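Below is one structure, written out as structure tokens, with a few remarks after it.
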Amino acid sequence: MAKTKKKSADKHNGWGSSESLSDSSSSTAGPAAALTAATTTNRRRGSAAGISGLPTMAAHEAGLLLNPPLIKTSSEVNNSGGKGNVTLLVDESKNKKWANAGIRTLWTFVMIGALVGILLAGPAWCVILVVLLQTLVYIEVISIGVSPAREKRLPWNRFAHWYFLFTTNYFLYGETLIERFKPYVFVDAFLMPLATHHRFISFCLYCLGLVLFVMNLKKGQYKFQFSQFGWTHMVLLIVVCQSHFIINNIFEGLIWFLLPACLVIWNDIAAYVFGFFFGRTPLIALSPKKTWEGFIGALVTTIIFGWFFSAFLSQFPYMYCPMRDLKTSALSPVQCLPNSVFTPRDYRLPPMLSGLLRFIVPFAGVPFRTVSIYPMQLHSLTLSIFASVVAPFGGFFASGFKRAFNIKDFGDSIPGHGGITDRMDCQFMMGLFSYMYCRSFVGVYAGVTVGSIVEMAVQGLDEFELVELVGRLREYLDGQGIEI
Numbered sequence: 001m002a003k004t005k006k007k008s009a010d011k012h013n014g015w016g017s018s019e020s021l022s023d024s025s026s027s028t029a030g031p032a033a034a035l036t037a038a039t040t041t042n043r044r045r046g047s048a049a050g051i052s053g054l055p056t057m058a059a060h061e062a063g064l065l066l067n068p069p070l071i072k073t074s075s076e077v078n079n080s081g082g083k084g085n086v087t088l089l090v091d092e093s094k095n096k097k098w099a100n101a102g103i104r105t106l107w108t109f110v111m112i113g114a115l116v117g118i119l120l121a122g123p124a125w126c127v128i129l130v131v132l133l134q135t136l137v138y139i140e141v142i143s144i145g146v147s148p149a150r151e152k153r154l155p156w157n158r159f160a161h162w163y164f165l166f167t168t169n170y171f172l173y174g175e176t177l178i179e180r181f182k183p184y185v186f187v188d189a190f191l192m193p194l195a196t197h198h199r200f201i202s203f204c205l206y207c208l209g210l211v212l213f214v215m216n217l218k219k220g221q222y223k224f225q226f227s228q229f230g231w232t233h234m235v236l237l238i239v240v241c242q243s244h245f246i247i248n249n250i251f252e253g254l255i256w257f258l259l260p261a262c263l264v265i266w267n268d269i270a271a272y273v274f275g276f277f278f279g280r281t282p283l284i285a286l287s288p289k290k291t292w293e294g295f296i297g298a299l300v301t302t303i304i305f306g307w308f309f310s311a312f313l314s315q316f317p318y319m320y321c322p323m324r325d326l327k328t329s330a331l332s333p334v335q336c337l338p339n340s341v342f343t344p345r346d347y348r349l350p351p352m353l354s355g356l357l358r359f360i361v362p363f364a365g366v367p368f369r370t371v372s373i374y375p376m377q378l379h380s381l382t383l384s385i386f387a388s389v390v391a392p393f394g395g396f397f398a399s400g401f402k403r404a405f406n407i408k409d410f411g412d413s414i415p416g417h418g419g420i421t422d423r424m425d426c427q428f429m430m431g432l433f434s435y436m437y438c439r440s441f442v443g444v445y446a447g448v449t450v451g452s453i454v455e456m457a458v459q460g461l462d463e464f465e466l467v468e469l470v471g472r473l474r475e476y477l478d479g480q481g482i483e484i
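Heads up: the sequence shown at position 306 corresponds to 306 in the UniProt record's numbering, and the numbers run straight through without jumps.
Written out as structure tokens, the structure reads:
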């Protein structure tokens with residue numbers, strides 16, 4: 001009955017049933033099926049409608065394929081005042097809007113409280129947190145491309161997902177631990193061979209996985225198995241490899257982990273709040289509820305937040321000292337020689353800015369020629385801009401990914417927020433950028449270390465030379481009056 005009414009309405013539109021066929025095809029079977037259906041319809045109507053009607057109908061149907069009705073453009077949303085398929089936050093009913101906001105706010109405070117507790121517990125717990133989140137995101141994304149019915153017939157597939165995750169983590173985190181804890185690794189009889197041949201062992205593990213994959217190929221399932229193989233590697237690259245850089249940031253100092261993460265969190269909250277109250281202009285079709293008002297408001301407030309929060313964190317050795325001991329916590333007496341970016345410095349203000357400040361606050365009696373700030377505050381400007389302008393595109397990428405698979409969220413583990421992936425999509429990109437920026441422009445704690453010297457000695461000297469080295473070091477220390 002519903003189909004009859006739909007066809008009747010389509011005929012009154014002058015397009016017959018081709019419009020409904022195109023819409024249903026594009027929403028269920030994809031553009032390819034819609035194009036096939038539209039072509040078939042044109043052929044059937046060619047004799048009745050005449051040759052002159054075909055170009056017009058084909059153009060109309062091509063337009064439907066290029067602009068599917070599931071996604072409204074910004075202009076369409078504006079013309080309808082936020083009504084129709086997309087309802088902006090500012091236009092939602094008060095009851096629904098405030099109920100959703102209440103749930104999101106409650107769970108936001110829960111997550112922030114958990115993060116604070118883990119930070120106080122120590123950097124090692126932060127590493128565990130990142131590994132746990134990485135694994136949960138990996139599971140959520142992998143499950144999207146899994147076919148349960150086929151996996152029952154191909155048990156190797158499920159094992160392969162976990163095997164390659166283990167192999168990748170063994171290689172990446174092994175590299176980090178060996179680099180950071182050389183003084184301990186290269187003096188242990190059991191760990192030293194594993195550390196010395198770590199890359200070769202990792203390569204052999206991957207080759208074993210490749211051999212097992214080929215041996216488990218089954219006739220009639222080749223395409224599916226190779227697509228799963230590629231899917232697994234894509235997720236490993238996007239999720240696991242990027243999260244590895246976040247862990248490197250933790251080892252460089254908690255500030256390089258906490259500041260970028262908080263910038264993304266603040267930006268996300270600010271964009272939601274500004275969009276909640278003022279959002280009228282859609283920002284991007286992939287996320288129709290994201291608005292320019294939320295984007296700009298979040299950009300400005302994130303820069304301000306980053307400026308003051310970076311100055312606050314730069315005061316605490318627990319935040320800026322590199323991780324040297326797995327047992328370190330907020331109660332530990334952490335001391336180190338701070339990097340120059342965490343030491344206040346006087347900067348001379350431009351004459352125009354100095355004069356403007358004297359004009360604004362003439363009663364202060366301050367010349368405003370110089371200002372004392374942490375250099376880290378200047379670096380925070382770059383991090384804040386990236387967190388506000390570029391990192392959100394990690395979220396837009398995830399939105400496009402979800403639309404490609406016709407899902408609303410990656411999961412429902414966090415009420416009001418979706419899945420773990422929905423909260424971490426921007427964090428991965430931000431963590432990678434922070435690592436690259438830190439290495440390129442800050443150069444934290446590079447150079448000769450005790451660990452690097454021990455590594456060279458253990459790997460490059462034989463037993464007699466090691467004994468000679470120890471003897472000479474003892475002579476030097478005795479000459480300096482240092483007892484050991």
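Each residue gets a CB set at the ideal place from its N, CA and C atoms; glycine is no exception.
Predicted model, so just to flag it, every value in this text is computed and none were measured.
Discussion item. Residues in the same chain with beta-carbon distance under 8 angstroms from W307, minus the five sequence neighbours each way, listed in chain order, please.
Written reply: Closer than 8 angstroms at Cβ, skipping near neighbours: Q377, S380, L381 and S384.
Discussion item. Determine whether the beta carbon atoms of L283 and K290 lie at a separation below 8 angstroms.
Written reply: yes
Practice prompt. Using alpha carbons as the reference points, say which of G220, I265, D188 and S243 lies closest to M111.
Written response: I265
Worksheet item: Considering only C-alpha positions, which residue in the set G419, F245 and P338 is nearest to residue 491?
Response: Shown here, the chain extends from 1 to 484; a query on residue 491 therefore has no answer.
Worksheet item: Measuring CB to CB, does Y222 end up less than 8 angstroms from T167?
Response: no
Worksheet entry | Option in R158, F181 and V240 with minimal Cα separation from G209 | R158
Worksheet item: Just to confirm, are H198 and I178 a CB contact at a threshold of 8 angstroms?
Response: Taking 8 angstroms as the Cβ cut-off, H198 and I178 qualify as a contacting pair.
Fill in: Selected residue, minimal CA-CA separation from E140, among R472, I407 and I247
I407
Item to complete: Rounded to whole angstroms, what's the CA-CA distance from residue 557 to A101? Just pull it up for me.
Response: Lying outside 1 to 484, the shown extent of the chain, residue 557 is not represented and no answer is given.
Worksheet item: Do G419 and G411 come within 8 angstroms of each other at the CB atom, strictly closer than that value?
Response: yes
Practice prompt. Out of E455, E475 and L461, state which residue places its alpha-carbon closest to the alpha-carbon of F181.
Written response: E455
Discussion item. Buried or exposed for C438, going by 16 or more other Cβ atoms inside 10 Å?
Written reply: So C438 counts as buried.
Discussion item. Helix, strand or coil for R280? Go by DSSP, reduced to three states.
Written reply: coil
Item to complete: Taking only the alpha-carbon atoms, compute the straight-line gap between P392 and G443 and give it to the nearest angstrom.
Response: 26 angstroms
Worksheet item: Using CA coordinates, which residue listed in L356, F200 and K218 is at the minimum distance from L154?
Response: From the listed residues L356, F200 and K218, the smallest Cα separation to L154 is found for K218.
Worksheet item: What separation, rounded to the nearest whole angstrom, lies between the Cα atoms of I304 and R474?
Response: 53 angstroms
Worksheet item: With a CB to CB cut of under 7 angstroms and the five nearest residues on each side skipped, what residues in its chain are close to P123?
Response: I250, L254, M323 and T328
Practice prompt. Check whether the segment 366 to 375 touches the segment 335 to 354, taking contact to mean three or more Cβ pairs, one atom from each stretch, closer than 8 angstroms.
Written response: yes
Fill in: Rounded Cβ spacing between N267 and T232 (contact assumed at less than 8 angstroms)
Their Cβ separation, rounded to whole angstroms, is 31 angstroms, which puts N267 and T232 out of contact at 8 angstroms.
Item to complete: Report the rounded CA-to-CA distance for M192 versus V185, giving the unit in angstroms.
Response: In this structure, the CA atom of M192 is about 6 angstroms from the CA atom of V185.
Worksheet item: T343: buried (16+ other C-beta within 10 angstroms of its C-beta) or exposed?
Response: Sixteen is the threshold: since fewer than 16 other Cβ atoms of the shown chains lie within 10 Å of the Cβ of T343, the residue is exposed.
Worksheet item: Is L356 closer than 8 angstroms to L313 when the C-beta atoms are compared?
Response: no
Practice prompt. Kindly indicate which residue of F405, V137, I201 and C336 has the alpha-carbon position closest to the one of I414.
Written response: Nearest to I414 by C-alpha distance, out of F405, V137, I201 and C336, is V137.
Practice prompt. Leaving aside the five residues before and after P375 along the sequence, list all residues of the same chain whose C-beta is less than 7 angstroms from its C-beta, in chain order.
Written response: S340, V341 and R345
Worksheet item: Any idea if A114 is buried or exposed, counting beta-carbon neighbours within 10 angstroms, 16 or more meaning buried?
Response: The residue is exposed, with fewer than 16 neighbouring Cβ atoms inside 10 Å.
Worksheet item: How about F405 and I103: are their beta carbons less than 8 angstroms apart?
Response: no
Worksheet item: If you check the beta carbons only, do D409 and D425 fall under 8 angstroms apart?
Response: no
Practice prompt. Can you check the segment 209 to 256 for any alpha helix (DSSP H) of at least 4 residues that lies completely inside it and give the ranges in chain order?
Written response: 222 to 235 and 242 to 252
Discussion item. Given a cut-off of 8 angstroms on the beta-carbon distance, is the pair S399 and L286 in contact?
Written reply: It is a contact, given that the beta carbons lie within the stated cut-off.
Worksheet entry | Cβ separation of F274 and E293, assumed to be a contact under 8 angstroms, to the nearest whole Å | 5 angstroms
Worksheet item: Taking Cβ positions, are F203 and F229 nearer each other than 8 angstroms?
Response: no
Worksheet item: What are the partner residues of T291, as DSSP defines its beta bridges?
Response: Per DSSP, P282.
Fill in: In DSSP terms, what I414 is bridged to
G418
Practice prompt. Take M429 as the anchor and find which of R358, S243 and C321 has the nearest alpha-carbon.
Written response: S243
Discussion item. So within the segment 354 to 394, which uninterrupted beta strand (DSSP E) runs reach at least 3 residues, ignoring any that extend past its ends?
Written reply: 370 to 373
Fill in: Nearest-angstrom Cα separation, counted from G220 out to V187
Between V187 and G220, the C-alpha separation is close to 52 angstroms.
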